[in-house]
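Taken in sequence, the protein lines are chains U and P.
For the first sequence, position 72 (counting from the first letter as 1) is numbered 72 according to the working numbering, and the numbering increases by one without interruption.
For the second sequence, position 69 (counting from the first letter as 1) is numbered 184 according to the working numbering, and the numbering increases by one without interruption.
Backbone N, C-alpha and C fix where the C-beta goes; we use that ideal spot for every residue, glycine too.
In what follows, a single structure is set out as structure tokens and then discussed.
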Amino acid sequence: GAGVSQTPSNKVTEKGKYVELRCDPISGHTALYWYRQSLGQGPEFLIYFQGTGAADDSGLPNDRFFAVRPEGSVSTLKIQRTERGDSAVYLCASSLGGQGTDTQYFGPGTRLTVL
Amino acid sequence: QQPVQSPQAVILREGEDAVINCSSSKALYSVHWYRQKHGEAPVFLMILLKGGEQKGHEKISASFNEKKQQSSLYLTASQLSYSGTYFCGTSISNYQLIWGAGTKLIIKP
Numbered sequence: 001g002a003g004v005s006q007t008p009s010n011k012v013t014e015k016g017k018y019v020e021l022r023c024d025p026i027s028g029h030t031a032l033y034w035y036r037q038s039l040g041q042g043p044e045f046l047i048y049f050q051g052t053g054a055a056d057d058s059g060l061p062n063d064r065f066f067a068v069r070p071e072g073s074v075s076t077l078k079i080q081r082t083e084r085g086d087s088a089v090y091l092c093a094s095s096l097g098g099q100g101t102d103t104q105y106f107g108p109g110t111r112l113t114v115l
Numbered sequence: 116q117q118p119v120q121s122p123q124a125v126i127l128r129e130g131e132d133a134v135i136n137c138s139s140s141k142a143l144y145s146v147h148w149y150r151q152k153h154g155e156a157p158v159f160l161m162i163l164l165k166g167g168e169q170k171g172h173e174k175i176s177a178s179f180n181e182k183k184q185q186s187s188l189y190l191t192a193s194q195l196s197y198s199g200t201y202f203c204g205t206s207i208s209n210y211q212l213i214w215g216a217g218t219k220l221i222i223k224p
């Protein structure tokens with residue numbers, strides 16, 4: 001079956017612009033995670049969805065970041081008024097049930113560059 | 116809160132063994148190991164569960180010392196394909212993983 005997919009693979013934008021990053025999880029996975037990864041670092045947790053609801057958004061750095069998952073499948077991470085410090089690879093992962101013992105399957109990521 | 120991985124980097128000849136360590140200051144539910152190649156998504160290798168159950172890769176083994184809150188990943192008879200950055204993710208809650216900074220492994224022929 002298909003894995004986690006993310007679009008676009010690369011996004012270059014100008015400081016102050018709005019961007020949307022999309023994640024399509026593995027079919028049937030109820031849990032979806034967004035992470036941010038900077039060069040040479042491990043993934044940094046942003047937000048966790050269980051179904052349609054954001055169960056934990058404590059990792060979102062500020063109110064410029066927002067994510068939705070309206071039908072419990074595809075998720076969109078939205079970043080307003082982008083800043084150069086937002087440049088990173090944004091990874092999405094999904095797991096079957098969202099338990100800490102469940103395997104998380106990662107997408108290929110979206111590389112965001114803010115000029 | 117972030118787990119500490121050691122070493123930060125290691126260079127091996129093909130066929131040599133390596134051990135990568137991951138330690139946490141918090142009590143752990145589980146430890147997850149992933150490998151990431153440059154420009155690619157992290158790929159699942161192994162999960163170690165509290166209580167000793169282990170699920171994952173056939174050619175790579177790992178240990179989990181719950182009392183010490185430590186895990187080690189053992190790569191034996193390394194192959195060129197093992198090159199990449201290895202991350203441990205530690206589960207301190209029911210769902211959230213906190214990731215280490217990674218160990219870069221370079222395998223030379």
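Where U/Q6 is concerned, the enclosing beta strand (DSSP E) starts and stops at 5-7.
The alpha-carbon separation between U/F49 and U/Y105 amounts to approximately 14 Å.
Counting along the chain, the unbroken beta strand (DSSP E) around P/L127 starts and ends at 124-128. Contacts with chain P at 8 Å (Cβ-Cβ) include U/G42.
Here the alpha carbon of P/I213 sits roughly 31 Å from the alpha carbon of P/R128. In this structure, the alpha-carbon of P/V134 lies about 43 Å from that of U/K15. DSSP, read as helix, strand or coil, puts U/G53 in strand.
In the three-state reduction of the DSSP assignment, U/R64 falls in the coil class, being assigned neither a helical nor a strand state.
Distance between U/P8 and U/S87, taken at the CA atoms: about 14 Å. Scanning its chain for C-beta atoms nearer than 6 Å, with the 5 sequence neighbours on each side dropped, one finds around U/N10 the residues R111, in chain order. Residues of the region 172-195 of chain P with a Cβ closer than 8 Å to any Cβ of chain U: none.
When secondary structure is reduced to three states using DSSP, U/L115 falls in the coil class, being assigned neither helix nor strand.
The C-alpha of U/S73 lies about 21 Å from the C-alpha of P/P157.
Between P/K174 and P/Y144, the C-beta gap is not smaller than 8 Å, which leaves the two residues out of contact.
If you ignore the 5 residues before and after P/A142, its C-beta comes within less than 6 Å of no other C-beta in its own chain. Taken through DSSP and simplified to helix, strand or coil, P/S196 comes out as helix. When C-beta distances to chain P are compared with 8 Å, the residues of the region 48-70 of chain U below that value are Y48, Q50, A55, D56, in chain order.
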